[in-house]
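Student: First the structure, then my questions, so here it is.
Numbering (this note's numbering), first residue to last: 1 to 216.
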């Protein structure tokens, strides 16, 4: 919804989310140090806000890559991959940097909810992008704004690629995350741990369900 708004409205939306994400980043260490149910829920929300800012920064076209043109029909697979990476490389570095900062700030502290939430979302994002590049049976480009529509020229639709095999492995890992996190809700010694595992498990569970749908 945000990326399809007029430019005059997208800028304040992005500014607001940027402020929220900055506040979340500043609060990572304090949140990770608190081993309570309320801190766990807040950490989950903070992770989603940080991820929302990362996604908006790319889909609104603010942080992408040096290549902003469609793929040429004559490109070989390596050339298409190189240019596709060029459409997003600055943003990939941004994601690595932000997730890395969060992990460093929360390292060794008792509440890893923010780190775990971002890790699951990151795993889903990269596996999905590779799968879209190599080929999927169905792809809906309407969620992309007009100024980012050139990205679709680097994607393949109509037939699943061999990467589906690897994607199934990723989906299996997400299932394992869900199997581990959800049953642990009742066995966890502390309510905060149970809530954290349940929330992160729900994210991985949704990822598994969505990948099932994409495969079909």
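Note that beta-carbon positions come from the ideal geometry of N, C-alpha and C, so glycine has one too.
May I ask which residues mark the beginning and end of the alpha helix (DSSP H) holding residue 104?
Tutor: Locating residue 104 in the chain shown gives position 104, where the first residue counts as 1. Here the alpha helix (DSSP H) through residue 104 covers 89 to 106.
Student: Only counting the same chain, and skipping five residues up and downstream in sequence, which positions put a Cβ closer than 6 Å to that of residue 21?
Tutor: Indexing the chain shown from 1 puts residue 21 at position 21. So the list reads 49, 50, 53, once near-sequence residues are dropped.
Student: Whose C-alpha, out of 11, 201, 9, is nearest the C-alpha of residue 118?
Tutor: Here residue 118 is taken as the residue at index 118 of the chain shown, counted from 1. Closest by alpha carbon: 201.
Student: What residues in its chain sit with their C-beta under 6 Å from that of residue 192, if we drop five residues either side in the sequence?
Tutor: For the purposes of this step, residue 192 is taken as residue 192 along the chain shown, with counting starting at 1. Excluding residues within five positions, the ones whose Cβ falls inside 6 Å are 35, 36, 37, 40.
Student: According to the neighbour-count rule (16 or more other Cβ atoms, all chains shown, within 10 Å of its Cβ), is residue 154 buried or exposed?
Tutor: Here residue 154 refers to the residue found at position 154 when the chain shown is read from its first residue. Classification for residue 154: buried.
Student: So, helix, strand or coil for residue 12, using DSSP?
Tutor: Your numbering for residue 12 matches position 12 in the chain shown. Helix at residue 12.
Student: Three-state secondary structure (DSSP) at residue 49?
Tutor: Here residue 49 refers to the residue found at position 49 when the chain shown is read from its first residue. DSSP places residue 49 in helix when its eight states are reduced to three.
Student: Go ahead and pull the three-state DSSP assignment for residue 135.
Tutor: By 1-based counting over the chain shown, the position of residue 135 is 135. Residue 135 falls in the coil class under three-state DSSP.
Student: From what residue to what residue does the alpha helix (DSSP H) around residue 112 run?
Tutor: Position 112 of the chain shown, counting from 1, holds the residue named residue 112. Segment: none, residue 112 is in no alpha helix (DSSP H) and carries neither H nor E.
Student: Given that a residue counts as buried once 16 or more other Cβ atoms are within 10 Å of its Cβ, and exposed if not, what is residue 10?
Tutor: Taking the first residue of the chain shown as 1, we reach residue 10 at position 10. Under this definition residue 10 is a buried residue.
Student: Does residue 129 come out as helix, strand or coil in the three-state DSSP assignment?
Tutor: For the purposes of this step, residue 129 is identified with residue 129 of the chain shown, where counting begins at 1. If DSSP states are grouped into helix, strand and coil, residue 129 belongs with the helices.
Student: Suppose you measure from the CA of residue 114 to the CA of residue 92; what does that come to, to the nearest Å?
Tutor: For the purposes of this step, residue 114 is taken as residue 114 along the chain shown, with counting starting at 1. For the purposes of this step, residue 92 is taken as residue 92 along the chain shown, with counting starting at 1. About 19 Å.
Student: Just to confirm before moving on: does the CB-CB distance between residue 63 and residue 86 stay below 8 Å?
Tutor: By 1-based counting over the chain shown, the position of residue 63 is 63. By 1-based counting over the chain shown, the position of residue 86 is 86. Contact: no.
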